[in-house]
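>
Residue numbers (the working numbering): 133 to 498.
Encoded structure:
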């Protein structure tokens with residue numbers, strides 16, 4: 133199997149990287165063929181899978197809801213419909229530049245490794261039904277101490293990503309020794325022979341109110357920043373990506389201050405972070421909606437050295453929210469909201485209450 137796929141883009145990417153124009157407005161005229169460059173393109177996606185539980189009550193009262201005897205009557209029929217729907221969504225993360233899908237996909241709200249294995253098989257079944265090659269996604273998963281039993285994980289395409297090391301970091305809040313949440317998953321490896329590390333998150337919720345609970349997400353952001361600093365100390369040439377359901381928007385204190393992820397490319401220092409989803413939300417596009425107000429909690433934040441490009445040539449290109457029409461509610465008061473699995477106790481046979489997000493990294497080939 134080919135390891136890399138070269139994409140000739142006639143300078144479209146080059147213009148976007150220098151800020152000359154966005155990919156949507158850059159010239160693609162044949163007269164520019166003499167300046168055509170070839171790039172390796174890798175996608176990095178994130179998706180909150182909204183309570184991907186199996187049907188077995190293995191966590192007492194916290195898990196009973198997602199069992200056949202629970203309030204949601206979560207049985208095998210509903211479970212496999214959910215798996216099939218999520219597989220359809222993930223199989224749609226491919227693009228003309230990345231026909232074999234993303235290099236890595238961060239995921240959250242998963243109960244255990246078993247449900248991820250079911251999902252990965254279903255993704256390949258979906259691709260096969262479309263006459264396409266399987267992605268054979270690898271799985272990185274770790275059981276977190278979260279009381280509800282939900283974890284984060286990472287899927288990776290071995291065509292693009294070579295797995296190196298895996299570590300997990302627990303969020304400890306000194307004044308709340310009994311507070312438990314999802315661990316932060318750190319996966320390091322290489323994409324196109326360039327070292328990359330991914331910090332996959334699901335920061336504490338807004339339970340009790342946004343302002344009242346902000347200190348917990350700020351603590352999570354400080355942990356992510358500390359992890360990134362440690363990664364840089366080992367290899368300052370690597371790219372680092374912080375991704376996840378952060379339960380805050382890009383302009384909130386946790387992201388903008390504690391993590392220090394800036395809105396503009398030119399503001400990003402080599403040891404800082406650039407958040408491309410800030411301007412996306414400013415333009416009215418989010419990943420979840422509540423009472424008519426869009427939020428963009430599902431962020432993929434890049435280290436500042438990916439903006440000009442790391443010494444290995446890896447560089448951030450662009451970002452998007454995958455609000456595909458089939459992922460949206462078709463009518464009613466929640467029209468265009470994410471089509472979720474349940475609403476007010478009713479099974480909707482949907483996907484998730486969050487839209488997935490994706491960024492693209494490029495490496496010029498000389």
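Cβ coordinates follow ideal geometry from the N, Cα and C atoms, glycine included.
1) Helix, strand or coil: which one does DSSP assign to residue 171?
2) Quick one: using the 10 Å Cβ neighbour count with 16 as the cut-off for buried, is residue 292 buried or exposed?
3) At the level of alpha carbons, what is the spacing between residue 471 and residue 487?
4) With C-beta atoms as the reference, is residue 168 less than 8 Å away from residue 230?
5) Do the CB positions of residue 258 and residue 220 come within less than 8 Å of each other?
6) What's the C-alpha gap between residue 494 and residue 448?
7) Within the chosen definition, does the segment 338–350 reach the segment 210–224 through at least 3 CB pairs nearer than 8 Å?
8) Please return the same chain residues whose Cβ sits closer than 7 Å to the Cβ of residue 312, not counting the five positions on each side in sequence.
9) Quick check on residue 252: does DSSP put it in helix, strand or coil?
10) Starting from residue 104, follow its DSSP beta bridges and name the residues at the other end.
11) According to DSSP, simplified to helix, strand and coil, what is residue 461?
12) Locate the alpha helix (DSSP H) running through residue 216, then write down its first and last residues.
13) For the beta strand (DSSP E) that residue 334 lies in, which residues bound it at each end?
14) What residues match up with residue 450 in a beta bridge as DSSP calls it?
15) Note the first and the last residue of the continuous beta strand (DSSP E) segment covering residue 241.
16) Could you pull the DSSP bridge partners for residue 470 from this structure?
17) Compute the beta-carbon to beta-carbon distance between residue 468 and residue 476, rounded to the nearest angstrom, for a pair I have assumed lies under 8 Å.
18) Please report how far the alpha carbon of residue 247 lies from the alpha carbon of residue 428, in whole angstroms.
19) Tell me, please, which residues DSSP counts as bridged to residue 505.
20) Work out the CA separation of residue 379 and residue 387 for me, nearest whole Å.
21) Looking only at its chain, what residues have a beta carbon closer than 7 Å to the beta carbon of residue 234, apart from the 5 residues adjacent to it on each side?
22) So for residue 444, helix, strand or coil by DSSP?
23) Taking three-plus beta-carbon pairs below 8 Å as touching, is the segment 410–418 in contact with the segment 362–371?
24) Which residues does DSSP pair with residue 497 in a beta bridge?
25) Do you know whose CA, among 498, 223, 343, lies nearest residue 265's CA?
26) So, is residue 327 buried or exposed, given that buried needs 16 or more other C-beta atoms within 10 angstroms?
The structure says:
1) Shown here, residue 171 sits in a strand according to DSSP, grouped into three states.
2) Its Cβ being crowded by 16 or more others within 10 Å, residue 292 is buried.
3) Each residue's alpha carbon lies about 9 Å from the other.
4) Using a Cβ distance threshold of 8 Å, residue 168 and residue 230 do not count as a contacting pair.
5) Contact flag set, yes.
6) Straight across, the Cα-Cα distance linking residue 494 with residue 448 is about 6 Å.
7) No: fewer than three Cβ pairs fall under 8 Å.
8) Excluding residues within five positions, the ones whose Cβ falls inside 7 Å are 277, 278, 279.
9) In the displayed model, residue 252 falls within a helix according to three-state DSSP.
10) No answer is possible for residue 104: the residues shown for the chain start at 133 and end at 498.
11) Residue 461 falls in the coil class under three-state DSSP.
12) Residue 216 -> alpha helix (DSSP H) spans 208–223.
13) DSSP places residue 334 inside the beta strand (DSSP E), whose first and last residues are 326–334.
14) According to DSSP, which records beta bridges pairwise, residue 450 is partnered with 492.
15) According to the DSSP assignment, residue 241 belongs to the beta strand (DSSP E) that extends over 236–242.
16) Bridge partners of residue 470: 460.
17) Beta-carbon to beta-carbon, residue 468 and residue 476 are separated by about 18 Å, too far to satisfy the 8 Å threshold.
18) Cα to Cα, residue 247 sits roughly 26 Å from residue 428.
19) Nothing about residue 505 can be reported from this structure: the residues present for the chain run from 133 to 498 only.
20) Straight-line Cα distance between these residues: approximately 10 Å.
21) Annotation for residue 234: 175, 176, 177, 225, 289, 490 place their beta carbon closer than 7 Å to its own, counting only its chain and skipping 5 residues before and after.
22) Reduced to three states, the DSSP call for residue 444 is coil.
23) No, the segment 410–418 does not touch the segment 362–371.
24) Paired residues: 170.
25) Proximity to residue 265 across 498, 223, 343 peaks at 223, based on C-alpha coordinates.
26) Per the 10 Å Cβ criterion, buried.
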